[in-house]
Amino acid sequence: MKWLAFISFIFLFSFAISRDLKRSARDTGKKDLYYQVYEVSRRHPFLYAPSILALAVDVEHAIELCCKEANAGICLDKEVFIFSAKVNTYLCGILKKFGEGTFQKDILSLMSQKFPKASFPEIQKIVKDITHIHVECCAGDMIECTDDRAEAVNYICSKQDIFSSKIKDCCEKPVVERSECVVRAEFDDTPEGLPSLAEKYVEDKNLCKPFTEEQYVFLAEFLYEYSRRHPEFSPQMLLRITKGYKSLLEVCCKTENSSECYSHAVSSTEEKLRSFIQETQEIVKTNCDLHAHLGESDFLKAILIRYTRKMPQVSPQTLIEIAKKMAAVGSKCCQEAESRRIPCSERHLSLVIQNMCLRQEATPINEKVTHCCDDSYAERIPCFTKLGADESYKPLQFTPELFTFHEDLCTAPAETQQIKQLTFLVNLIKLKITITDEQLQKIFTDLTGIVQKCCKAGLRETCFAVEVSQCFHVSRVYS
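Numbering (mature numbering (1 follows the signal peptide of the UniProt record, and there is no 0)), first residue to last: -18 to -1, 1 to 461.
In structure tokens form, the structure reads like this:
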């Protein structure tokens, strides 16, 4: 592993000198791996070494592929993929915020889904290794992090028959590419003939004994068993199910006659578990139906309206940025097969929410947002989904500048026009947090008509001033 450590050193060296060292001229067709490590490292100083190495290889492969294409620029935009790096940065944030316990549960759920044939002890070992690796990586110990990650992947590759039938090609790749390939590999097929979980986790009259004596191991095994049977669920959803199951057991196992209590609670247990599942399924279905009905543009507006009401303290620019990212999740995940929609949407939304929560730490938004960010990792998405309008928000004072349009809007790029109109929408809500969807739709429709009318007028500035004042009556609506 010495040469791998050496490449890690190059990463660290690149980070150290990236502010001063100018890019040297090179033949575009002969960029080697070390140069890619340098280039990726200096552009992403907060990513850890394994991701840097994998991204460097991705860049090299993308250049080889795209330089053969007629439009190399568009090809490179599609091929250079940094999502895995974002995920690793996200995982460091979760580890720091919620600690190793929550991190291990999240990884346990994911590894159980990815390697459903592996035994519980094998999954436990991998989870322990991954946690240790992330502790090193997130603390900045890049060389140990890189070596330990390679060793963990080598262990998995040495036991492919135990872990997965989907990683054979990955395990034959060079060591730099192998780790990231295994991480990205699809889930193995769920083994046939797995026994029902009801007998052990619902119907057993002596269930309280292992639950009270070895609660952590008992619940970890429940999470493992449930996760390996349900690749269609997200890790966060599986953590919510486990949390709900734990709460139900805690009630009965504290009573004098726990078996009697539990016998009455069996149907309640199954019903509760179903409700946790149905709640998430319904949220995803509702949003995908809304996306299909409205189309991308109006779906973006719907998300923007929703989140402006939840956190009106945030600037229009940031709200639009968040809404665009969330709408993009809908566009991506609603195209997936129904069995993949939940893990896709919760995985990508978690990245958006994590970034939002990091901003909230630096500049607190409101108490409700703070609660959703800080209270529970597994409950973050449902918490934000259920947030209503922040009625404690003190509305903006009306000023004409908030709703002023100028003639340069008519010749502005489509993106600029969209931002202007979305900013207008945000400011409407900030002025009156209780404004109805019907009122917003009416005003926004009028706005579209005004832009079209005034951009055809001779005196555009005058047209905008008169039409906005007359048609919106903003000062009267928000007085």
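Just so it is clear, CB atoms sit at the ideal spot from N, CA and C, and this is done for glycine as well.
Contact defined as beta carbons within less than 8 Å: I believe residue i pairs with residue j. What is the distance between those atoms, to the nearest angstrom?
i, j, result
"His190", "Cys234", "Note on identity: in this sequence residue 190 is Cys, with His being the wrong assignment. About 7 Å; that satisfies the 8 Å criterion."
"Ile149", "Val164", "5 Å"
"Phe204", "Gly226", "About 11 Å separates the two Cβ atoms, so there is no contact after all."
"Tyr72", "Gln260", "In fact, because the Cβ distance is near 27 Å, the residues do not count as touching under 8 Å."
"Cys316", "Ala274", "7 Å"
"Glu118", "Cys127", "4 Å"
"Ile105", "Met93", "5 Å"
"Cys365", "Gly312", "Not confirmed; about 19 Å, so no contact."
"Ser101", "Pro217", "Wrong, their Cβ atoms sit about 19 Å apart, outside the cutoff."
Using a Cβ-Cβ cutoff of less than 6 Å, which residues in the same chain neighbour residue i once the five nearest sequence positions on both sides are dropped?
i, result
"Ser332", "none"
"Cys445", "Cys436, Ala439"
"Cys74", "Cys120"
"Cys339", "Cys355"
"Ala7", "Because Ala7 carries a pLDDT of 32, less than 50, the predicted location of this residue cannot be relied on, and the following value inherits that uncertainty. Closer than 6 Å at the Cβ level, and outside the excluded window around Ala7, lies no residue."
"Arg341", "none"
By how many angstroms is the C-alpha of residue j removed from the C-alpha of residue i?
i, j, result
"His212", "Gln95", "7 Å"
"Asp378", "Ser297", "Rather than Asp, the amino acid found at residue 378 in this sequence is Leu. Roughly 12 Å between the two C-alpha positions."
"Phe169", "Glu320", "16 Å"
"Leu230", "Glu264", "23 Å"
"Leu255", "Pro173", "23 Å"
"Gln295", "Tyr375", "7 Å"
"Ile411", "Thr381", "14 Å"
"Lys424", "Glu449", "15 Å"
"Thr345", "Cys243", "47 Å"
"Ser146", "Asp123", "30 Å"
"Glu181", "Glu207", "13 Å"
"Thr405", "Thr224", "41 Å"
"residue 496", "Ser240", "The structure shown does not extend to residue 496, since the chain is modelled only from -18 to 461, so the question has no answer here."
"Cys120", "Lys78", "9 Å"
"Glu238", "Thr194", "14 Å"
"Lys107", "Gly81", "18 Å"
"Glu343", "Cys355", "9 Å"
"Arg222", "Thr352", "20 Å"
"Ala392", "Lys402", "For the sequence presented, residue 392 should be read as Cys rather than Ala. Rounded to the nearest angstrom, the two C-alpha atoms are 11 Å apart."
"Lys228", "Lys236", "12 Å"
"Lys99", "Ser209", "12 Å"
"Cys49", "Arg166", "25 Å"
"residue 462", "Asp186", "Because the chain in this structure spans residues -18 to 461, residue 462 falls outside the shown range and cannot be described."
"Glu159", "Asn136", "12 Å"
"Lys155", "Lys141", "16 Å"
"Glu397", "Ser279", "12 Å"
"Ala447", "Leu272", "35 Å"
"Asp151", "Glu196", "39 Å"
"Glu383", "Lys267", "40 Å"
"Ser451", "Glu420", "20 Å"
"Leu276", "Phe426", "15 Å"
"Cys139", "Gln399", "52 Å"
"Phe215", "Pro395", "41 Å"
"Glu253", "Val184", "12 Å"
"Tyr198", "Pro103", "14 Å"
"Ser178", "Ala202", "17 Å"
So, at 8 Å on beta carbons, what are the nonlocal neighbours of residue i in its own chain, with the 5 sequence-adjacent residues on each side left out?
i, result
"Lys314", "Cys326, His330"
"Thr367", "Ile265"
"Val408", "Leu286, Thr290, Pro298, Leu301, Ile302"
"Glu443", "His388, Glu389"
"Leu422", "Ile287, Leu407, Leu410, Ile411"
"Asp9", "The predicted position of Asp9 is uncertain, since its pLDDT is 44 and thus under 50; a value taken from the coordinates is nonetheless stated next. Excluding sequence neighbours, Asp9 sits near nothing in its chain."
"Glu318", "Cys326"
"Asn348", "Met293, Gln295, Asp372, Ser374, Tyr375"
"Val334", "Ile304, Lys307, Met308, Val311"
In chain order, what residues of the same chain lie with their CB nearer than 7 Å to the CB of residue i, ignoring the 5 residues before and after it?
i, result
"Leu282", "Ala305, Lys306, Ala309"
"Lys350", "Leu369, Asp372"
"Met219", "Thr262, Ile324, Glu328"
"Pro192", "Phe200"
"Thr113", "Glu82, Phe85, Gln86, Ile89"
"Leu176", "Arg211"
"Phe97", "Ile105, Phe145, Ser146, Asp170"
Beta-carbon of residue i versus every beta-carbon of chain D: anything under 8 Å?
i, result
"Glu261", "Among the chains of the structure shown, chain D does not appear; only one protein chain is present."
task = Could you say if the segment 320 to 340 and the segment 421 to 431 meet the contact criterion of at least three C-beta pairs nearer than 8 Å?
result = no
request  = Check whether the segment 74 to 89 touches the segment 345 to 362, taking contact to mean three or more Cβ pairs, one atom from each stretch, closer than 8 Å.
outcome  = yes
message = Suppose only complete runs of 4+ residues qualify. What are the alpha helix (DSSP H) ranges in the segment 392 to 426, listed by chain order?
response = 396 to 413
request  = Tell me, please, whether the segment 288 to 295 touches the segment 409 to 420 by the rule of three or more beta-carbon pairs shorter than 8 Å.
outcome  = yes
message = I'd like the ranges of any alpha helix (DSSP H) spanning at least 4 consecutive residues and lying wholly in the segment 158 to 243.
response = 190 to 195, 197 to 211, 217 to 235
request  = Let me know the alpha helix (DSSP H) ranges lying completely inside the segment 57 to 138, each 4 residues or longer, listed in chain order.
outcome  = 65 to 96, 102 to 121
task = Taking only runs that begin and end inside the segment 266 to 323, name each unbroken alpha helix (DSSP H) of 4 or more residues, in chain order.
result = Taken in chain order, the complete alpha helix (DSSP H) segments of 4 residues or longer contained in the segment 266 to 323 are 298 to 315.
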